[in-house]
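Chemist: Just so we're aligned, residue -18 is where the sequence shown starts under my numbering, counting upward by one.
All residues carry an ideal CB built from backbone N, CA and C; glycine is no exception.
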Amino acid sequence: MKFFIDTANLDQIREANDLGILDGVTTNPSLMAKEGIKGTEAILKHYKDICEIVQNPVSAEVISTDFAGIVEEGKKLAAIDPNIVVKVPMIKDGIKAIKWFTDNGIKTNCTLVFSAGQAILAAKAGATYVSPFIGRIDDSNWDGVDLIAQIAHIYRSQGFNTQVLAASIRNALHIVRCAEVGADVCTCPLSSILGLLKHPLTDLGLAQFLADAKNMQ
Ligand code: G3P
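1. DSSP three-state label for Thr8, please.
2. Can the beta-carbon of Ile51 be found less than 8 Å from the beta-carbon of Asp74?
3. Between Arg117 and the ligand G3P, is the CB less than 7 Å from at least one heavy atom?
4. What number of angstroms, rounded off, separates the C-alpha of Glu(-14) from the C-alpha of Asp30?
5. Starting from the C-beta of Ala78, find all residues in its chain whose C-beta is less than 7 Å away, skip the five residues before and the five after it, and write them out in chain order.
6. Does the ligand SAM have even one heavy atom less than 7 Å from the beta-carbon of Asn85?
7. Go through the region 101 to 174 residue by residue and report every complete run of the beta strand (DSSP E) that reaches 3 residues or more, in order.
8. Quick check on Pro181: buried or exposed, where buried means 16 or more other Cβ atoms within 10 Å of its Cβ?
9. Give the range of the alpha helix (DSSP H) segment to which Val52 is assigned.
10. Is it the case that the Cβ atoms of Thr92 and Asn9 are separated by a distance below 8 Å?
11. Let's see if you can read the secondary structure: which residues bound the beta strand (DSSP E) around Phe(-15)?
12. Can you tell me whether DSSP reads Leu93 as helix, strand or coil?
13. Suppose the cutoff is 6 Å on Cβ atoms and the five residues either side in sequence are ignored; what does the same chain contact list for Ser121 look like?
14. What whole-angstrom Cβ distance do Leu128 and Ala97 have, given they're in contact under 8 Å?
15. Confirm, please, whether the CB-CB distance from Lys80 to Ala103 is below 8 Å.
16. Excluding the five sequence neighbours on either side, which residues of its own chain have a C-beta within less than 7 Å of the C-beta of Ser45, listed in chain order?
17. Expressed to the nearest angstrom, what Euclidean distance is found between the alpha-carbon atoms of Ser40 and Met(-18)?
18. How is Pro181 classed by DSSP in three states: helix, strand or coil?
19. Need the endpoints of the alpha helix (DSSP H) that Ile31 sits in, please.
20. Hey, how far is the Cα of Thr7 from the Cα of Gln131?
Structure, rendered in structure tokens:
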């Protein structure tokens, strides 16, 4: 399973990248706004800055909702860097635009996916990635990881090439469960990636080893 970081914060992207285990970045308009980025030029420059840190796929989301607007915006985003993946919402014109991007060699990430039916449509349109939001599904009293398992099963049995990108990850256990059920990618906040490091027995064991090592000096 690939690890993407789900943020537009350059320091956090650098920190995750420095770990040596980062395979890409996803952003969305809310994450960009959180960084205080304003205006088209600033937005395009920020994506360029991210692409300079990480030489791996970087999802940049369109904000148009009509076919012509999505295509025009997506072409501008894709022109920033060869690693840009155009992130498109799961709406009717979005599906049409994903098919257009697929036919024109532009990679896409179909976002705001909450059902297997939506995931099938995204795959039929040729999306490179599909992003089910598992944390938000959990918030609504369903099990988000069950949806990842269902989509992964459908894609494998039907031979779809679209990668299942588990999004809206809230904790380290989400990452483990997504790996267990066959997600291709997990996009996570830095806190959830670092959460994988944690175990009290590791801390206790290390303290003991270091104390015993001192006695050998
Ligand atoms: O990748 C989508 C993700 O950023 C949404 O996460 O925590 O806002 O549900 P969240």
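Modeler: Straight from the coordinates:
1. Counting from one through the sequence shown, the residue named residue 8 turns up at place 27. Reduced to three states, the DSSP call for Thr8 is coil.
2. Position 70 of the sequence shown, counted from the start, is the residue given in the question as residue 51. Position 93 of the sequence shown, counted from the start, is the residue given in the question as residue 74. It is a contact, given that the beta carbons lie within the stated cut-off.
3. The residue labelled residue 117 in the question sits at position 136 within the sequence shown. Yes.
4. To locate residue -14, count along the sequence shown from 1; it is residue 5. To locate residue 30, count along the sequence shown from 1; it is residue 49. Contrary to the premise, residue -14 reads as Ile rather than Glu in this sequence. Taking the straight line from one Cα to the other gives about 15 Å.
5. Residue numbering aside, residue 78 sits at position 97 when the sequence shown is read from its first letter. Once the five neighbours on either side are set aside, the close Cβ partners of Ala78 are Phe48, Ile51, Val52, Gly55, Val69.
6. Of the ligands this structure carries, namely the ligand G3P, none is the ligand SAM.
7. 110 to 113, 144 to 147, 166 to 169
8. To locate residue 181, count along the sequence shown from 1; it is residue 200. With fewer than 16 other Cβ atoms within 10 Å, it is exposed.
9. Here the question's residue 52 lines up with position 71 in the sequence shown. Here the alpha helix (DSSP H) through Val52 covers 48 to 59.
10. Working through the sequence shown from its first residue, we reach residue 92 at position 111. Working through the sequence shown from its first residue, we reach residue 9 at position 28. It is a contact, given that the beta carbons lie within the stated cut-off.
11. Indexing the sequence shown from 1 puts residue -15 at position 4. Unbroken beta strand (DSSP E) run through Phe(-15): -17 to -13.
12. Working through the sequence shown from its first residue, we reach residue 93 at position 112. Correct three-state label for Leu93: strand.
13. Here residue 121 corresponds to residue number 140 of the sequence shown, with the count starting at 1. Correct list: empty, nothing qualifies.
14. Mapped onto the sequence shown, residue 128 falls at position 147. Mapped onto the sequence shown, residue 97 falls at position 116. Right, their Cβ atoms sit about 7 Å apart.
15. Counted from its first residue, the sequence shown places residue 103 at position 122. Counted from its first residue, the sequence shown places residue 80 at position 99. Cβ distance not < 8 Å, so Ala103 and Lys80 don't count as in contact.
16. Your numbering for residue 45 matches position 64 in the sequence shown. Excluding sequence neighbours, Ser45 sits near Ile51, Glu54.
17. For the purposes of this step, residue 40 is identified with residue 59 of the sequence shown, where counting begins at 1. For the purposes of this step, residue -18 is identified with residue 1 of the sequence shown, where counting begins at 1. Rounded to whole angstroms, Ser40 to Met(-18) spans 17 Å at the Cα level.
18. As a position in the sequence shown, residue 181 is number 200, starting the count at 1. Looking at Pro181 - three-state DSSP - the assignment turns out to be helix.
19. Reading the sequence shown from its first residue, position 50 is the one you call residue 31. Ile31 -> alpha helix (DSSP H) spans 21 to 34.
20. Against the sequence shown, residue 7 aligns to sequence position 26. Against the sequence shown, residue 131 aligns to sequence position 150. For Thr7 and Gln131, the distance between alpha carbons rounds to 23 Å.
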